[in-house]
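Structure first, commentary second.
Protein chains in written order, with the numbering used here: chain A, 4 to 1102; chain B, 591 to 980.
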């Protein structure tokens, strides 16, 4: 069937901010989808509140709404745009839920908007636990025993008769939010009642535990002609019981015979047909009993998912793009396979390599959260790697994780006293057996490393299998790696040259097993560069193979490549024949690796813009990255894509093959940046700001000297190497002080210390976070205003991209605070000073490309807090707010153009206001406090844009899923210091008709200022108390500035309850004031929607 | 793994290409046409598929042996192929149904296996330069000598390989498809989610065995057929006198034009207005019997992901395939025959049907095993056709 001509205008819903369970994979799918629809001549209307996405770049849709994704706002857009159709399957659970709401509240019918991709009935059948179960039973599929419940009592009945553990799965939530495994009645009641609360339809499935079974996923596509194909099968290395997003997974399935695989395929096809997903992709999960082969279906996502992004990258089959084209009426046999060009999309990819995905966790950011994995997803990112064997693929993935691993072991690190420490020992020391047993039994973010430990300690596969439930196939593969590590350990004890320690045959085998040069260097006791030299002399170099969808059956035209080491001699040996490098002018962009807190989609955005700009200028762009969720790893973002670890070794191997004219390290965040010096030393032509300048900004002394020269103020500061040195330094700079390790990202282990008594603890933590690196101690400017400034510079001229005023005061990590363009309280002369300082520093650092500066303003004095001569987190926000792609400008400057050549200009005056707000993962981590501080904790961001500050701020809160109430009750509880200032804010709210509730102390302050306040008990004062009030829905907004931290404090319980019951909770005074502004506007005005294209045509 | 304990093996092609790897099966030397299969699962079924007679099969999926070998996923009485080529052989399989590992199985069945070679480079080479004669050896390891020997080896064209794989006397087939969900039961259907039960009324048919895969027989019994399998040399007169209401033409190895005695038999069956259904070589036999021509494909179709369009309903079937020769559709009389199925990737003939007779055939493998089950309807169609015709 050809494409539909009865629809012309299609609305696409994005996924909103990056949160756990819904990361930048939906930017990837949304971008592909919008591109595909535009290509087919449809008018595309997009809504997505996330400014850091590529899909919200104005050129990807005709009309782009950066607005909160709520049914109300979507309705306004529909009313304004009158689209013919709505495509809800590319924007994750957010889009799907919005579409369901729009269908149910009659909006779609009213405006005659057709749901394409998945219809309402299908979405409900897949998402409603009871309907899904009935559908599966109808087509003869087996499921774990389960019961759909709407009350706690029903659930308890099931659990008591089936026994524990019991799995709890809330309906219509994403990434398993609110789900869990209960091992006893108490846990069960706790998880189930929370799960019922979190489910929009108050429904949970309580299910027989099949923990320890094998877990599989199938990616399925269907078209309107009812053609169904399987794109990819995925086998989880970690068994059932761990969310698939948190599991190490491999593609394709490894341990299924054809009979078993085909049974799963048949079941998948029957499932997508019965559920009735008309077109597009779905993901179906299965459990298989390892002893009997009994196969049960677990769940189905009737939309493009995280796994489909992975499957797209794993196979080269662009699921989202094809899904979009199927939605508008094409059938699979009418669409071409981009990679082979002349074969059709109606086929099932055959892959001839092994893909391993490893999730990236950030438990170190949440020390109060327990590192235990279960059915509720906790990882914030992932890395994928490709090898010709599992061993190679697994070790490549391990060294791509950006956790300091260089493979599986052989790195001189050991797990001592609850953390990884560099002990320098060549083999792991013996640990108590019962302790190792426990580590294998417990699913944690680090369990995989204990597989190695166990093999070193002589455990056999069977024992580890019994403890961990990891299939013996995988365990034997890991064992193969450890056996070779042992062989290497022995061989490298030989005295003499590398030739004696690492004979050619052994080296060749080690490389084929995925061992990295640093691992071999560590064991041999030489520098990595020596191993490299020796290896190259022996001509043991990787060959590059293509991801081609067809296992080489057809010729492929898309240079999407991975490296592998071949073992044996042959007439092909040393011939690296696939997608041979060209003689074009090439620029290589190094990406950011797995997403983690502090380094997310914003950096990928910059890499992608760099690629777009340089391709447009005629360069051949080579992208290197290993994050399967990103747009940068889409094969058509760059000219050549290398899906590889971002290590010195792997990057240099590509350098040796491609010989690019320039290498860009300043777009991908810390990951490529930390390679800059060694790459440059090895001869890589790094373009843009020099690694030396980057070092000046990072090095305390050099940076201080530069500022003195420029007569720019910075807070008093000093450095200490240990706890002892810290005290005098802190005394000298004056309390309060900010303590932080150097060379870390996202404010890791950064703390504000108010007095000497708590200094030791935080200095120690900082020392742990970055061992052997200096600890930075700065005087902390209390209640200072914080401002971010982004600029571009060609070495001679500077353009200010944006001045962003933070809403929260200095001391809250800039990645966690809300900020505003243009500044909303700064005076012209202050802005002029900030501009001047920024220009001076950019020129002094000879910046070529982007630079970000963080300033604090206190008592009218401007201080520099930090300078980053590279792409920063704020670049996409500034670009969206100003309508200029600053990353594109920067890329061109790095490639040698000047600002005047580019005719680039500052955006002088904005008629609108854009507010960036951060989004936090607190609902994933029970027991974690939500108070903001210098350590970054947010996973994503949203933008609110409008013509006045109040509305822009309100929109940002709405988009961040903590919409401000227009009426109701406000609970106020602030620390003593804030009592005076909060009076004004409370008065405003009270005047607007809000009821005020406060605890004794705050209440006193308010009543004495003439306000009517209801006093409520603190938690420790007995019941009913404030927590009960929140739980009973008696409070719509919480203003709570923290007097105490830690799980015992009253404040903590209030804030945690607010998270669970999703009551907006504001923890800084400045944000309280902004909220009052926002509420005022909300009460006065209706929300209006407007496209980015409209905003920018008027500025 | 201690490398020095492992025996070496060499694969050499007639055009000078060679690979040194490690032996993981039987020892010795074996010649054959080197081809590749892109199925990611199903190596046991591939090994036991008689159609690979005379071929050295390369698996493009790099990890082979992962789930071992079991007693039931077999397609014939033994492996008939000339050699097995993989990137990495798995010596520690894991699957609840396995009974032994792949290496031991190959040794027992005297099949040479080589691992540790760049199978992707080999595949790309065969794709570009076409299928090649080759030799796989664990005894002679000098690539130059082996290349020379490969050059001297006679290829598949013109060789009658059917006689090496067919049965020597007729036998009766009763086994039904194996049911994973009810192992040990006498199952009614293999993984048929709808729980298909064979029709009670048995219909007698004859299957002409050119190297028939067991799963074809299992699918036929699942449709309620009472199947007798006949050697490929059986004459039409004997078949027609057997009382069979329908005739099945099986898959098989090698060059279709090298077995004129089979397509002569087929011609007579067609002339007698009998109901006839053919698969793979059976499709080619029908093509030749109807006066058409066959030709050798550059490197064949072998895998489980080949898209085929059914010209009657315009839907795509993902199919299992294994053939190196194809029927030239232009050589057939269009007033008698139409193309029922066409390969979506290269437009080759995948199915033909006679306009006025109960006769049809497909080039691909609707019985799957290994491969997808999209085309299983063809067996049901055969049952309906036989019922109508008798």
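Just so you know, even glycine gets a beta-carbon here, dropped at the ideal spot from N, CA and C.
Only a predicted model underlies this, so the values are computations on that prediction, with no experimental measurement involved.
Self-check item: Cα-Cα separation between residue 1014(A) and residue 983(A), rounded to whole angstroms
Solution: Mapped onto the first chain, residue 1014(A) falls at position 1011. Mapped onto the first chain, residue 983(A) falls at position 980. Roughly 14 angstroms between the two C-alpha positions.
Quiz item: Assuming residue 876(B) contacts residue 868(B) under a Cβ cut-off of 8 angstroms, what Cβ separation, rounded to an integer in Å, is found between them?
Solution: Residue mapping note: residue 876(B) aligns to position 286 of the second chain, counting from 1. Residue mapping note: residue 868(B) aligns to position 278 of the second chain, counting from 1. With a Cβ gap of about 5 angstroms, residue 876(B) and residue 868(B) count as contacting.
Quiz item: What are the boundary residues of the beta strand (DSSP E) that includes residue 389(A)?
Solution: What you label residue 389(A) is simply residue 386 of the first chain in a count that begins at 1. Segment 384-390, the beta strand (DSSP E) holding residue 389(A).
Quiz prompt | Backbone secondary structure at residue 155(A) - three-state DSSP | solution = Stepping through the first chain from its first residue, residue 155(A) is reached at position 152. Per DSSP, reduced to three states, the secondary structure at residue 155(A) is helical.
Quiz item: Exposed or buried, what is residue 623(B) when buried is set at 16 or more other beta-carbons lying within 10 Å of its beta-carbon?
Solution: For the purposes of this step, residue 623(B) is identified with residue 33 of the second chain, where counting begins at 1. Answer is buried; the Cβ neighbour count reaches 16.
Quiz item: On the premise that residue 371(A) lies in contact with residue 932(A), defined as a C-beta separation below 8 angstroms, what is that separation, rounded to the nearest angstrom?
Solution: Here residue 932(A) is taken as the residue at index 929 of the first chain, counted from 1. Here residue 371(A) is taken as the residue at index 368 of the first chain, counted from 1. Indeed they touch by this definition, with Cβ atoms about 7 angstroms apart.
Quiz item: Quick one: is residue 300(A) near chain D, going by C-beta distance under 8 angstroms?
Solution: Of the chains in the structure shown, none is chain D; the protein chains are A and B.
Quiz item: When you compare only the Cα positions, how much space is there between residue 560(A) and residue 717(B)?
Solution: Along the first chain, one-based indexing puts residue 560(A) at 557. Along the second chain, one-based indexing puts residue 717(B) at 127. Rounded to whole angstroms, residue 560(A) to residue 717(B) spans 15 angstroms at the Cα level.
Quiz item: Quick one, are the C-beta atoms of residue 252(A) and residue 243(A) less than 8 angstroms apart?
Solution: Along the first chain, read from residue 1 onward, the residue named residue 252(A) stands at position 249. Along the first chain, read from residue 1 onward, the residue named residue 243(A) stands at position 240. With contacts defined as CB atoms closer than 8 angstroms, residue 252(A) and residue 243(A) fail to qualify as a contacting pair.
Quiz prompt | Beta-carbon neighbours of residue 770(B), restricted to chain A and to distances below 7 angstroms | solution = Position 180 of the second chain, counted from the start, is the residue given in the question as residue 770(B). Those within 7 angstroms of residue 770(B) in chain A are 262, 263, 266 and 296.
Practice problem: Would you kindly check if the distance between the Cβ of residue 66(A) and the Cβ of residue 1094(A) is under 8 angstroms? | Solution: For this step, residue 1094(A) is matched to residue 1091 along the first chain. For this step, residue 66(A) is matched to residue 63 along the first chain. Contact: yes.
Quiz item: Would you say residue 228(A) reaches chain B, if we count a Cβ-Cβ gap shorter than 8 angstroms as a contact?
Solution: The residue you call residue 228(A) lines up with position 225 of the first chain. Taking Cβ atoms only, chain B reaches closer than 8 angstroms to residue 228(A), which makes this a yes.
Self-check item: Between the CA atoms of residue 775(A) and residue 895(A) - distance to the nearest angstrom
Solution: Taking the first chain and counting its residues from 1, one reaches residue 895(A) at position 892. Taking the first chain and counting its residues from 1, one reaches residue 775(A) at position 772. Separation of residue 895(A) and residue 775(A) (C-alpha to C-alpha, rounded to the nearest whole angstrom) is 37 angstroms.
Quiz item: Residues of chain A with a CB under 9 angstroms from the CB of residue 735(B): which are they?
Solution: To locate residue 735(B), count along the second chain from 1; it is residue 145. Within 9 angstroms Cβ-Cβ: nothing; residue 735(B) doesn't reach chain A, min ~14 angstroms.
Quiz item: Under 7 angstroms Cβ-Cβ, which residues of chain A neighbour residue 899(B)?
Solution: Taking the first residue of the second chain as 1, we reach residue 899(B) at position 309. What residue 899(B) touches in chain A: 336.
Self-check item: Proximity winner among 72(A), 513(A) and 210(A), relative to residue 146(A) (alpha-carbon distances)
Solution: Your numbering for residue 146(A) matches position 143 in the first chain. The shortest C-alpha separation from residue 146(A) is found at 210(A).
Quiz item: For chain B, is any of its Cβ atoms less than 8 angstroms away from the one on residue 571(A)?
Solution: On the first chain, position 568 is the one that residue 571(A) refers to. Chain B contact via Cβ: present.
Quiz item: Closest by CA to residue 647(A), which one among 662(A), 640(A), 628(A) and 636(A)?
Solution: The residue labelled residue 647(A) in the question sits at position 644 within the first chain. Minimum Cα distance to residue 647(A) is reached at 628(A).
Quiz item: So, is the C-beta of residue 608(B) closer than 8 angstroms to a C-beta in chain A?
Solution: For the purposes of this step, residue 608(B) is taken as residue 18 along the second chain, with counting starting at 1. So, interface residue.
Self-check item: As assigned by DSSP and simplified to three states, the class of residue 6(A)
Solution: Here residue 6(A) refers to the residue found at position 3 of the first chain. Of the three classes helix, strand and coil, the one that applies to residue 6(A) here is coil, per DSSP.
Self-check item: Listed by chain order, chain A residues near residue 656(B) by CB distance under 7 angstroms
Solution: By one-based count along the second chain, residue 656(B) stands at place 66. Against residue 656(B), the close residues of chain A are 257, 258 and 476, in the order they occur along the chain (beta-carbon pairs closer than 7 angstroms).
Quiz item: Does residue 905(B) get closer than 8 angstroms to chain A when you measure Cβ to Cβ?
Solution: If you number the second chain from 1, residue 905(B) lands on position 315. Yes, residue 905(B) lies at the interface with chain A (some Cβ there is under 8 angstroms from its Cβ).
Quiz item: Residues of chain A with CB under 7 angstroms from residue 684(B), in chain order?
Solution: Taking the second chain and counting its residues from 1, the one referred to as residue 684(B) is at position 94. Within chain A, the residues near residue 684(B) are 258, 474, 475 and 476.
Quiz item: For residue 699(A), which three-state DSSP category applies?
Solution: Working through the first chain from its first residue, we reach residue 699(A) at position 696. Looking at residue 699(A) - three-state DSSP - the assignment turns out to be helix.
Quiz prompt | Contacting residues, own chain, Cβ-Cβ under 8 angstroms from residue 475(A) (five flanking each side not counted) | solution = Translated into the one-based positions of the first chain, residue 475(A) becomes position 472. Closer than 8 angstroms at Cβ, skipping near neighbours: 464, 465 and 468.
Quiz prompt | Minimum C-alpha distance to residue 258(A) - residue among 703(B), 680(B), 872(B) and 733(B) | solution = Position 255 of the first chain, counting from 1, holds the residue named residue 258(A). The candidate whose alpha carbon is nearest that of residue 258(A) is 680(B).
Quiz item: Whose Cβ in chain B lies nearer than 8 angstroms to the Cβ of residue 545(A)?
Solution: As a position in the first chain, residue 545(A) is number 542, starting the count at 1. Going along chain B, no residue has its Cβ under 8 angstroms from residue 545(A), so there is no contact; the nearest lies around 12 angstroms.
Practice problem: Take every Cβ of the stretch 13-28 of chain A, pair it with every Cβ of the stretch 873-887 of chain A, and state whether three or more of those distances are shorter than 8 angstroms. | Solution: no
Quiz item: Which value, in whole angstroms, describes the spacing of the CA atoms of residue 818(A) and residue 128(A)?
Solution: As a working mapping, residue 818(A) is identified with position 815 in the first chain. As a working mapping, residue 128(A) is identified with position 125 in the first chain. Rounded to whole angstroms, residue 818(A) to residue 128(A) spans 39 angstroms at the Cα level.
Self-check item: Residue-chain proximity (residue 354(A), chain B), Cβ-Cβ < 8 angstroms
Solution: Position 351 of the first chain, counted from the first residue, corresponds to residue 354(A). At least one chain B Cβ lies under 8 angstroms of residue 354(A).
Practice problem: For residue 857(B), I'd like the list of residues in its chain whose CB is within less than 6 angstroms of its CB, leaving aside the five on either flank, ordered along the chain. | Solution: Indexing the second chain from 1 puts residue 857(B) at position 267. So the qualifying residues of the chain are 879.
Quiz item: Is residue 945(A) helix, strand or coil when you go by DSSP?
Solution: Reading the first chain from its first residue, position 942 is the one you call residue 945(A). Three-state result, residue 945(A): strand.
Exercise. Mind listing the chain A neighbours of residue 669(B)? Cutoff is C-beta to C-beta under 8 angstroms, in chain order.
Key: By one-based count along the second chain, residue 669(B) stands at place 79. Chain order gives no chain A residues near residue 669(B), where near means a beta carbon separation below 8 angstroms; the closest approach is about 16 angstroms.
Exercise. Label residue 1(A) either buried or exposed according to how many other C-beta atoms from any shown protein chain fall within 10 Å of its C-beta, with 16 as the threshold for buried.
Key: Nothing about residue 1(A) can be reported from this structure: the residues present for chain A run from 4 to 1102 only.
Quiz prompt | With 16 other Cβ atoms within 10 Å as the buried cut-off, status of residue 495(A) | solution = As a position in the first chain, residue 495(A) is number 492, starting the count at 1. When all chains shown are included, residue 495(A) counts as buried.
Practice problem: Could you tell me whether the Cβ atoms of residue 458(A) and residue 443(A) are closer together than 8 angstroms? | Solution: Sequence index remark: in the first chain, residue 458(A) carries index 455 (1-based). Sequence index remark: in the first chain, residue 443(A) carries index 440 (1-based). Not closer than 8 angstroms, so no.
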